[in-house]
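Trainee:
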Amino acid sequence: MPGSLFCLVRVAPEATTPVEDKPPRKGAPGKSAAGLPAILSTVKHSVSKMGLLASLSNLSSVNKFDGFDCPGCAWPDPDQKRTFAEFCENGAKAIADEATKKRADPGFWSKWSVSELSKKPDYWLNRQGRITHPMILREGSDNYEEISWHGAFNTIAREFAQLNSPDEAIFYTSGRTSNEAAYLWQLLARSFGTNNLPDCSNMCHESSGVALTQSIGIGKGTVKLEDFDKADLIIVVGQNPGTNHPRMLTALRDAKSMGASVVSINPLIETGMVRFKHPQNPLEVLGFGNEISDEHVRVRINGDQALFRGFAKTMLTNSSMDMEFIEKFTDGYEIYYSEVMNSSWEDIVKISGVEKSEIQRIGRLVGKSKSTICCWAMGLTQHKNSVATIQEIANVLLLGGHIGREGAGLCPVRGHSNVQGDRTVGINHNPSIEFLGSLNNEFGIDVPEESGLDAVDSVRQMNKGGASVFVSMGGNFLSAMSDTKATAEGLQKCSLTAHISTKPNRSHLVTGKTSVILPCLGRTELDFTGGSTQFVTVENSMGVVHRSIGKRKPASEHLLSECAIVAGLATAIDDVMDPSGIPWTSLTSDYDRIRDCIERTIPGFDSFNERCRVDGGFYLPNPPRDSRVFRTETGLANIITHKLQPIVIGENEFLMMTIRSHDQYNTTIYSTNDRYRGISRGRRVVLMSRKDLESRGWKEFQAVSITSHFRGNKISSDGWFLVEYDIPQGNVATYFPESNVLIPLESVADSSNTPTSKSVIVTIEPMN
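Heads up: the sequence shown at position 616 corresponds to 615 in numbering that gives the first Met the number 0, and the numbers run straight through without jumps.
1. I'd like to check one pair, L741 with V685: are the Cβ atoms closer than 7 Å?
2. Going by the beta-carbon positions, is the gap between V543 and P75 smaller than 7 Å?
3. Which stretch, first to last residue, makes up the beta strand (DSSP E) that contains A53?
4. Who are the near neighbours of R505 in its chain, counting only those whose CB is closer than 6 Å to its CB and skipping five residues on each side?
5. Could you pull out every residue in the same chain whose Cβ sits closer than 7 Å to the Cβ of N57, ignoring the five residues on either side in sequence?
6. Taking the Cβ atom as the reference point for each residue, do Q390 and A210 lie within a distance shorter than 7 Å?
7. Would you tell me roughly how many angstroms separate the C-alpha atoms of V761 and S704, rounded to the nearest one?
8. If the criterion is Cβ atoms closer than 7 Å, does the pair S263 and M272 meet it?
9. My understanding is that V296 touches I361, with C-beta atoms under 8 Å, so please give their C-beta distance in whole angstroms.
10. In whole angstroms, give me the CA-to-CA distance for N427 and W184.
11. Are the beta-carbon atoms belonging to V222 and W375 less than 7 Å from one another?
12. Whose CA, out of S214, E88 and C69, lies closest to the CA of R630?
13. So, is S207 buried or exposed, given that buried needs 16 or more other C-beta atoms within 10 angstroms?
14. Rounded to a whole number of angstroms, what is the C-alpha to C-alpha distance between E333 and N243?
15. Using C-beta distances below 6 Å, list every residue in its chain close to M576, excluding the 5 sequence neighbours before and after it, in chain order.
16. How far does the alpha helix (DSSP H) with L186 in it reach, from first residue to last?
17. At 4 residues or longer, and completely inside the region 313–348: list those alpha helix (DSSP H) runs for me, N to C.
18. Which same chain residues, not among the five before or five after S437, have their C-beta less than 8 Å away from its C-beta?
19. Which one of F310, K383 and I350 has the shortest CA to CA distance from L398?
20. Residues in its own chain within less than 7 Å of C335 by CB, not counting five upstream and five downstream?
21. Where does K713 sit, in a helix, a strand or coil, going by DSSP?
22. Let me make sure I understand the geometry here. Which of R674, G150, N89 and L306 has the alpha-carbon closest to that of R137?
23. For the beta strand (DSSP E) that A497 lies in, which residues bound it at each end?
24. I need the boundaries of the beta strand (DSSP E) containing L619, first residue and last residue.
25. If contacts are defined as beta-carbon pairs under 8 Å, then T154 and V515 qualify, I think. What distance do you get, rounded to the angstrom?
26. Quick one: Cα of T753 to Cα of F287, how far?
27. Taking contact to mean 3 or more Cβ pairs, one atom from each stretch, closer than 8 Å, check whether the region 463–478 and the region 163–174 are in contact.
28. Tell me the DSSP secondary structure of E13 in three-state form.
29. Please classify V18: is it buried, with 16 or more other beta-carbons within 10 angstroms of its beta-carbon, or exposed?
30. Between which residues of its own chain and G216 is the CB-CB distance below 6 Å, once the five residues before and five after are set aside?
31. Quick one, which of L52, P70 and M320 has its alpha-carbon nearest T667's?
32. Would you mind reading off the limits of the alpha helix (DSSP H) that contains V418?
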């Protein structure tokens, strides 16, 4: 029970979600995505959280030219015509979650101590509503208390002033942050003197950015939404669009109607890739809907590199390459050709888990296609060899000349709605010298050139005592990061942690000696900073920058915009340290001024303020897509050769990957239900094949302990339940973020330093 008396002594909080005492319920997996269940779910979440009128108002404004950008995923909107309901079920959940009527006001924080809150599940914390006032958790206290904005900014500024080096500060960024706020955030960090700018991309698509930059000279995809209607073949690998990017199913459905073939590659058969019922089409809702995948390839976890090597081998054997493109636009073909032809089918089949005949059949489809799109998400990006795997995919598309061609290209599908935009405007721990020079010219600040800390290195440095102030622009760093115990210990060693947030999450509970919460406006809300209505901009997964303007009354009169919070904090730091000379207040009194700065310091934003006011926004330059120009060291697209990299697991070991449930968006948990997989009332599950259960004499719903193994180190976690599921033998799946505790901090992808959340070697033991 919550205590009514103010708790003076802080009790050690729980870093992880509490163990569940009952197994989950299990039904049949869904046969089709969306349809009537999605409509009912949308209505339920929206009306119960926002009310009927607010639901109608908010959902009619989302993703409209004069409305706000969905705070969910980064899937693009159509360039021209928008439907009356330009959102999906999970987008509606994200909107309802932000626009909820519930409030986590000072009374809530007084009622519940931090240690009590830490024993609650993540979905319970999220349900408590919007934070209404700045709050502070003072050193030694177990309860947050209200603090003024002036007091909050000064508290943080004093901690900055006491640091021995600017590199002892860490500025984390969530991908929901607008371009304008992100630009100011990186400017604050660099004017303070550090490039310590980790962001959520470090934990997800960093591997995509590293791989593609080396291969084609840009860390982004090369397709537009309209290309899907012109494709011969669309390959969706390591992705579950039915849950994480539901509007992508519309693009796949429309592409199928135009004659495209769709191939799904995944260890799991995900409902969204089987059949889709468009919620806005009554005939589909009442009927059977549309088949999405023509082929499903059930690859083993981390077998994708070998699988695409098999596709390449088939193409080269059949001479189904675009030699004109290869000779004119690529470098490295001969070395790659030799490596592919020397790769044995025995190794390819063993590593991928797919039969040779199936690989060759799909390989022939790839070879015959004149326009191929390959889409992927975190099923590819969170392995030790992720960069090599993504470059193998790039190689296959380069063999066919599928870059800079209509209906073709590389398509990394990113999660947060502006994670790509944040990187574009400077949220990067490893910035280019050119960008730093432009900041110096624009603002007259001495910008450091040394690379800063990414997410993994931030945790390492906090644990070593080399970083003691952690400030977060959105997000839930504790729950999102790998190795929850190590992350918690690092945060708790800080003198101060501060979070710009909308709702309570676990990062507010596992903190530094002092913790400050700075509550901000959400996407749906009216921003009247500077005495006039402001709008912000975002960039979607396909490089379109467009405006977003909220219209809803803010959840509290005490909220500030993200931009205003950055300016307030920066001004407070300037007051106690050497002033930066940057006109923070002036910049945030009119966001056009921020956009003018972006235009002058970042290529591609010419006439930014004019073009972002055009309905639908504008495309940023993409040389590989637009003109087959590759800004690499060779001046060509690089066909990069890697050896196949199998993961060797022991006889009693499994390879574990983390996944998300349907009622979840990143670390935000809406409920304990996973409708498409037929699992409900529980999240601490281990999906395991029937053969693995039977061979060990285990029973479904049996309680087990999981232990991960990495370089002789072990991490154990109790209180998991076995669930029989159609998954390759030797592979298991668990929900993120609960199983992050099992992912060793030191287990990272080569080159990108991304946690290997999809390749964790584990052993499993019964608990009774």
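Where is the CB? At the ideal position from N, CA and C, for every residue including glycine.
From a predicted model like this one, the values you see are computed outputs, not experimental measurements.
Mentor: Straight from the coordinates:
1. no
2. yes
3. Not the beta strand (DSSP E): A53 falls in the alpha helix (DSSP H), residues L51 to L58.
4. L477 and S478
5. M49, I94, A98, T523 and R551
6. yes
7. The straight-line gap from Cα to Cα measures roughly 10 Å.
8. yes
9. 6 Å
10. 11 Å
11. no
12. S214
13. buried
14. 39 Å
15. A160
16. N178 to F191
17. 322–328 and 332–341
18. R599, T600 and I601
19. F310
20. According to the sequence displayed, residue 335 carries Tyr and not Cys. Excluding residues within five positions, the ones whose Cβ falls inside 7 Å are N394, I638 and T640.
21. If DSSP states are grouped into helix, strand and coil, K713 belongs with the strands.
22. If we check each option's Cα against that of R137, G150 comes out closest.
23. For A497, the enclosing beta strand (DSSP E) begins and ends at L495 to S500.
24. Counting along the chain, L619 falls outside any beta strand (DSSP E), and DSSP gives it neither H nor E.
25. 6 Å
26. 40 Å
27. yes
28. coil
29. With a 10 Å radius around the Cβ and a threshold of 16 neighbouring Cβ atoms, V18 comes out exposed.
30. F629, R630 and T631
31. Its Cα nearest to that of T667, the residue P70 stands out among L52, P70 and M320.
32. V418 to T423
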